[in-house]
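In my numbering, the protein residues as written are 271 to 675.
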């Protein structure tokens, strides 16, 4: 406690220099927290959207994601009803929804273009956490009228290309599982913005039963498992892989190309920025401590003459640096939270990325672990810088230090 009081008095001795160093550390800490907070929020947002779209766990044929199909549903699942029944007994599972991925041609009678289609259970669109941006119309019906044409949802640019509106009839043509061509008329019930330019030009959604009829099959491609708690995904994944090694059971992350790329990019960019801030803080503290050592050379000599060990003298300078660092980081934390609060109040938005159509919220997710990591890293920088500066100062002989001018 005595040495802490001495160190605090020395920090206050030259307030201007201490304030400049504290300000620099505060800016560095705020920069780290803000950039890492932005990275964490963006990663979390993409993670949640990806899992809400694909499901936390995807069940498929063992080779479905490894090679291309030569025929439609060649690598499909035929026993999926029994798999769904067995999974429904698990209380951690919210939904188990089948899907079929297919392609072909879509026509309004005057114009024919290619499409990329996904056959879905209608519940996919009616989930509480479904994030589907409808431009017009409604989702697929939970109980479609068998006396009416099958329902279809179009990507907004595909609808524009075909000049199709809600209520219009379109014809879908695709190759069946047997290799023959089949066609069915569908009625447009809605259009969506998928968030990706290229996907909006080709995407369609249909009822999975209508998709099976079009492809003349009773198979599906994948089963998506949606859980109540994302934290249960690894536990259930391991359990299912042990029970059914004969089929493909993969986590969402294996298919989250956007999430993996963004996380890697942010990790590289902000990792380098963190290193730069660390070096900047270290040099600033080293400069401050070096000046303090030079100014107090006679004081150091006096302490040495009175029998104070070099370790204690160095420790005093280290405590000074840690006090400066702690105050700077504390101010930086306050600045970062103020910035995050301001962004939320202003509802700031980031522009869409290349190839995307929707902006996304600019927010900072500053967690306790991020604060602790920032505090430790910058205090380590202060410790190393002050130790280096002070250890050089105490090497001067006592007589020479006492006569220093």
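Don't be surprised by glycine CBs; every beta carbon is placed ideally from N, CA and C.
- Counted as a single uninterrupted DSSP element, the beta strand (DSSP E) harbouring residue 365 occupies residues 363-377.
- Where residue 313 is concerned, the enclosing alpha helix (DSSP H) starts and stops at 285-324.
- The beta-carbon distance between residue 493 and residue 368, rounded to whole angstroms, is 6 Å. This is short enough to meet the 8 Å contact definition.
- Looking at the DSSP output, residue 453 bridges to 443.
- For the pair residue 433 and residue 405, the Cα-to-Cα distance works out to about 14 Å.
- Annotation for residue 360: 506 place their beta carbon closer than 8 Å to its own, counting only its chain and skipping 5 residues before and after.
- Residue 382 sits in a strand when the DSSP states are folded into three classes.
- A direct Cα-to-Cα measurement between residue 471 and residue 604 gives close to 46 Å.
- Annotated as distal: residue 293 and residue 543, with beta-carbon spacing of 9 Å or more.
- Residue 520 has 328 as its beta-bridge partners, per DSSP.
- The straight-line gap separating the alpha-carbon atoms of residue 622 and residue 465 is approximately 9 Å.
- Under a 10 Å Cβ-count criterion, residue 391 is classified as buried, with 16 or more other Cβ atoms of the shown protein chains found around its own Cβ.
- A direct Cα-Cα distance of roughly 13 Å separates residue 524 from residue 330.
- Remark: C-beta atoms of residue 372 and residue 422 do not approach each other more closely than 9 Å.
- A direct Cα-to-Cα measurement between residue 284 and residue 558 gives close to 10 Å.
- Contact check between the segment 383-402 and the segment 304-322: three or more CB pairs, one atom from each, fall below 8 Å, which counts as touching.
- For residue 431, the enclosing alpha helix (DSSP H) begins and ends at 426-432.
- Inter-residue distance for residue 649 and residue 613 is about 28 Å (C-alpha atoms, whole angstroms).
- Taking 9 Å as the cut-off, the beta carbon of residue 606 is found closer than this to the beta carbon of residue 303.
- Secondary structure at residue 555: helix, using DSSP grouped into helix, strand and coil.
- DSSP, reduced to helix, strand and coil, places residue 579 outside both helices and strands of the structure shown, so it counts as coil.
- Within a 10 Å sphere around the beta-carbon of residue 345 sit 16 or more other beta-carbons, which makes this residue buried.
- As the crow flies, the alpha-carbon of residue 639 is around 10 Å from that of residue 646.
- Annotated three-state conformation of residue 620 is strand, per DSSP.
- In this structure, residue 632 and residue 618 form a Cβ contact; the two beta carbons are roughly 4 Å apart against a cut-off of 8 Å.
- Residue ranges of uninterrupted beta strand (DSSP E) with 3 or more members, entirely inside the segment 444-511 and ordered along the chain, are 451-463, 473-477, 492-497.
- Excluding residues up to 5 positions away in sequence, 496 lie with their Cβ nearer than 6 Å to the Cβ of residue 365 in the same chain.
- Residue range 403-407 is occupied by the beta strand (DSSP E) that includes residue 404.
- Residue 500 sits close to residue 317, with the two beta carbons spaced by under 9 Å.
- Note on geometry: alpha-carbon atoms of residue 336 and residue 446 lie some 22 Å from one another.
- Contact check for residue 288 and residue 297: beta-carbon distance about 15 Å, past the 8 Å limit, so the pair fails to qualify.
- For residue 525, there is no enclosing alpha helix (DSSP H), as DSSP gives it neither H nor E.
- The Cβ-Cβ distance between residue 444 and residue 469 does not fall below 9 Å.
- Counting only the Cα atoms, residue 278 lies some 15 Å from residue 584.
- A contact is defined here as three or more CB-CB pairs under 8 Å, and the segment 304-316 meets this definition with respect to the segment 526-542.
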